[in-house]
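Structure first, then comments.
Number of protein chains: 2
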Amino acid sequence: MANPTAAMLVIGDEILSGRTRDSNMHFLAGELTRHGITLAEARVVSDDRAAIIAAVNALRGAFDNVFTSGGIGPTHDDITAEAIAGAFGVPITQRADAMALLAAHYDRAGMPFNEARQRMARIPDGATLIDNPISTAPGFTLGNVHVMAGVPNIFQAMVASVLPTLTGGAPLLSQSLRVNRGEGEVADPFGALAAQYPDLSMGSYPFTQNGVFGTNLVIRGTDAAQIDAAMVRLVVLFA
Amino acid sequence: MANPTAAMLVIGDEILSGRTRDSNMHFLAGELTRHGITLAEARVVSDDRAAIIAAVNALRGAFDNVFTSGGIGPTHDDITAEAIAGAFGVPITQRADAMALLAAHYDRAGMPFNEARQRMARIPDGATLIDNPISTAPGFTLGNVHVMAGVPNIFQAMVASVLPTLTGGAPLLSQSLRVNRGEGEVADPFGALAAQYPDLSMGSYPFTQNGVFGTNLVIRGTDAAQIDAAMVRLVVLFA
Numbered sequence: 001m002a003n004p005t006a007a008m009l010v011i012g013d014e015i016l017s018g019r020t021r022d023s024n025m026h027f028l029a030g031e032l033t034r035h036g037i038t039l040a041e042a043r044v045v046s047d048d049r050a051a052i053i054a055a056v057n058a059l060r061g062a063f064d065n066v067f068t069s070g071g072i073g074p075t076h077d078d079i080t081a082e083a084i085a086g087a088f089g090v091p092i093t094q095r096a097d098a099m100a101l102l103a104a105h106y107d108r109a110g111m112p113f114n115e116a117r118q119r120m121a122r123i124p125d126g127a128t129l130i131d132n133p134i135s136t137a138p139g140f141t142l143g144n145v146h147v148m149a150g151v152p153n154i155f156q157a158m159v160a161s162v163l164p165t166l167t168g169g170a171p172l173l174s175q176s177l178r179v180n181r182g183e184g185e186v187a188d189p190f191g192a193l194a195a196q197y198p199d200l201s202m203g204s205y206p207f208t209q210n211g212v213f214g215t216n217l218v219i220r221g222t223d224a225a226q227i228d229a230a231m232v233r234l235v236v237l238f239a
Numbered sequence: 001m002a003n004p005t006a007a008m009l010v011i012g013d014e015i016l017s018g019r020t021r022d023s024n025m026h027f028l029a030g031e032l033t034r035h036g037i038t039l040a041e042a043r044v045v046s047d048d049r050a051a052i053i054a055a056v057n058a059l060r061g062a063f064d065n066v067f068t069s070g071g072i073g074p075t076h077d078d079i080t081a082e083a084i085a086g087a088f089g090v091p092i093t094q095r096a097d098a099m100a101l102l103a104a105h106y107d108r109a110g111m112p113f114n115e116a117r118q119r120m121a122r123i124p125d126g127a128t129l130i131d132n133p134i135s136t137a138p139g140f141t142l143g144n145v146h147v148m149a150g151v152p153n154i155f156q157a158m159v160a161s162v163l164p165t166l167t168g169g170a171p172l173l174s175q176s177l178r179v180n181r182g183e184g185e186v187a188d189p190f191g192a193l194a195a196q197y198p199d200l201s202m203g204s205y206p207f208t209q210n211g212v213f214g215t216n217l218v219i220r221g222t223d224a225a226q227i228d229a230a231m232v233r234l235v236v237l238f239a
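For the record, the sequence lines run as chains A and B.
Start counting the first sequence at 1; every next residue gets the next number (full-length UniProt numbering).
Start counting the second sequence at 1; every next residue gets the next number (full-length UniProt numbering).
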């Protein structure tokens with residue numbers, strides 16, 4: 001059976017303007033691969049309500065899981081929770097359990113639980129909270145959409161909370177062979193080998209290092225024995 | 001007048017599996033911002049013909065320019081050129097000018113111009129070649145879609161070839177103020193300031209550094225005088 005699929009939606013003007021380099025997509029990609037969920041697509045959109053709604057609705061219909069990052073803080077440009085509610089057509093309100101979590105957190109910290117901070121308790125109806133062990137303000141899951149913070153250490157902690165609740169498949173395994181030849185030299189035999197293993201995915205990635213050029217040949221799949229067999233043939237071809 | 005818009009499409013299984021961390025999106029975002037083109041959306045899809053065609057057609061219809069990276073090498077998993085031809089519904093053939101460039105390159109290098117390398121001369125009908133000063137194999141522009149290599153130094157060289165040919169707008173300028181306060185403390189006055197400058201975009205980005213938490217407040221826009229005026233008020237509020 002094919003592995004479950006996922007998409008990621010990164011939300012934030014700061015990524016698209018080049019101010020910030022996103023790291024959450026790469027982190028999530030590795031975690032999903034280990035968990036046996038295929039990350040099939042990723043998108044980045046700006047802090048724009050219509051753009052978020054269109055992307056969420058396209059992705060949640062096409063894939064088993066959607067993970068979002070960014071836009072759930074206390075400031076005026078944090079509009080993700082409102083947009084998710086809009087995408088699902090459900091109301092959004094300040095929720096008592098989220099308010100209690102946040103009130104206790106700011107009380108312990110001796111900081112005012114002001115109006116801006118109370119915005120972080122606004123959760124779409126029907127959602128389940130995602131634990132935030134770093135700074136308390138929760139993420140949430142609504143349907144198959146998991147809404148998480150953009151700050152990398154908080155995003156990572158939320159992924160760790162969510163992943164064990166999801167059905168995974170066979171982890172995607174890979175082996176690679178580094179050859180000191182250009183892609184154009186290995187392409188024909190490598191392509192012929194790939195054609196003989198339709199259940200495996202084979203990719204080639206050129207590099208240059210200290211003026212030497214070469215290619216990393218990567219074989220991916222979920223069946224370790226089949227990958228081993230293909231690797232033996234790859235080594236015979238190119239080693 | 002609003003600046004021209006752009007989207008980026010990153011093509012490659014290796015990004016979605018977490019094997020490789022994409023750097024081209026962040027590079028392009030910065031270049032477009034300087035050139036006065038608004039990067040409005042970015043997507044990552046796998047080496048899958050249907051996925052590439054669907055994304056290219058959605059993005060080229062919605063934005064002024066589309067930039068793709070990845071999948072134009074000589075190996076069996078390099079299917080971008082064929083997919084772009086499919087998206088536009090045009091034939092793809094080995095083009096004489098691209099063949100001549102590549103033949104001369106491999107002749108100089110003393111390397112065989114074999115069948116795999118000849119695949120890199122396959123260009124959709126009606127496209128214009130994009131110069132590749134690093135490794136010769138060209139990218140191409142078809143309609144408003146610019147198709148470039150995924151290897152970062154080649155991608156960057158191709159962007160440098162393409163950008164001067166595009167109509168830009170006013171460069172997006174930004175100024176930022178770093179404050180040693182949490183987002184929740186600055187959110188209300190910062191939001192009120194943002195509401196008074198509808199032509200500017202204001203964003204807040206929390207950080208923790210050496211155990212101290214704070215927020216970077218960023219004001220973006222194309223009118224330097226307006227940004228200056230808003231910054232003065234920001235400093236009065238928070239400095």
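Every residue gets a Cβ at the ideal spot worked out from N, C-alpha and C, and that includes glycine.
Asked, Found
"Alpha-carbon spacing of Thr80/B relative to Asp48/B, whole angstroms", "9 Å"
"Ile53/B to Gly214/B span [Cα, whole Å]", "43 Å"
"CB contact below 8 Å: Pro206/B versus chain A", "yes"
"Short CB-CB distance (under 8 Å) between Pro74/A and chain B", "yes"
"Closest by C-alpha distance to Leu142/A, when choosing among Gln196/A, Leu193/A, Leu237/A and Ala85/A", "Ala85/A"
"Touch test, the segment 201–219 of chain B against the segment 182–193 of chain B, Cβ-Cβ under 8 Å, three pairs minimum", "yes"
"Contact list for Gly211/A against chain E, beta-carbon separation under 7 Å", "Reference to chain E is not applicable here, since the protein chains of this structure are A and B."
"Start and end residues, alpha helix (DSSP H) containing Val45/B", "Element bounds for Val45/B: not the alpha helix (DSSP H) but the beta strand (DSSP E), Thr38 to Val45."
"Opening and closing residue of the beta strand (DSSP E) in which Ala83/A lies", "Not the beta strand (DSSP E): Ala83/A falls in the alpha helix (DSSP H), residues Thr80 to Phe88."
"Buried versus exposed, by CB contacts within 10 Å (16 or more), Arg43/B", "buried"
"Whole-angstrom distance between Arg34/B and Asp13/B, CA atom to CA atom", "30 Å"
"8 Å Cβ cutoff met for Leu163/B and Pro138/B", "no"
"Proximity of Ile148/A and Thr68/A at Cβ, strictly below 8 Å", "Per the sequence presented here, residue 148/A reads as Met, with Ile not at that position. Yes."
"Interfacial residues, the segment 175–191 of chain A to chain B, with Cβ spacing under 8 Å", "Gly182, Glu183, Gly184, Glu185, Val186, Ala187, Asp188, Phe190 and Gly191"
"Counted within 10 angstroms of its Cβ, other Cβ atoms place Pro152/B as buried (16 or more) or exposed", "exposed"
"Residues of the segment 53–75 of chain B with Cβ closer than 7 Å to any Cβ of chain A, in chain order", "Gly73, Pro74 and Thr75"
"Inter-residue Cα distance where the pair is Gly30/B and His146/B", "17 Å"
"Inter-stretch contact (C-beta, 8 Å, three-pair minimum) for the segment 4–19 of chain A and the segment 57–65 of chain A", "yes"
"Straight-line Cα distance separating Ala96/B from Glu41/A", "35 Å"
"Nonlocal neighbours in the same chain, by C-beta distance under 6 Å from Met202/A, ignoring five residues either side", "Ala194 and Ile219"
"Integer Cβ distance of Ile11/A from Gly73/A, believed to fall under 8 Å", "Actually they do not touch by this definition, with Cβ atoms about 11 Å apart."
"Tyr106/A (DSSP reduced to helix, strand or coil)", "helix"
"Proximity of Ile227/B and Gln175/B at Cβ, strictly below 8 Å", "yes"
"Partners in chain A for Gly203/B, counting only beta-carbon separations shorter than 7 Å", "Asp13, Glu14 and Asp77"
"Val212/A beta carbon less than 8 Å from that of Asn144/A", "no"
"Simplified DSSP state of Thr165/A, which is helix, strand or coil", "helix"
"Listed by chain order, chain B residues near Asn24/A by CB distance under 8 Å", "Result: empty, since nearest Cβ-Cβ is about 11 Å, beyond 8 Å."
"Of the residues Asp77/B, Ile154/B and Ile37/B, the one placed nearest Leu173/B, counting alpha carbons only", "Ile37/B"
"Chain B contact for Val151/A (CB, 8 Å cutoff)", "yes"
"Best match in Phe140/B, Leu177/B, Val179/B and Gln209/B for proximity to Thr165/B [C-alpha to C-alpha]", "Phe140/B"
"Enclosing alpha helix (DSSP H) for Thr33/A [first to last residue]", "Asn24 to His35"
"Straight-line gap, His76/A to Leu39/B (C-alpha atoms, nearest Å)", "21 Å"
"Chain-ordered neighbours of Val90/A on chain B, where CB pairs are closer than 8 Å", "Result: empty, since nearest Cβ-Cβ is about 25 Å, beyond 8 Å."
"Residue closest to Leu28/B, alpha-carbon to alpha-carbon, out of Asp223/B, Gly150/B, Leu177/B and Thr93/B", "Gly150/B"
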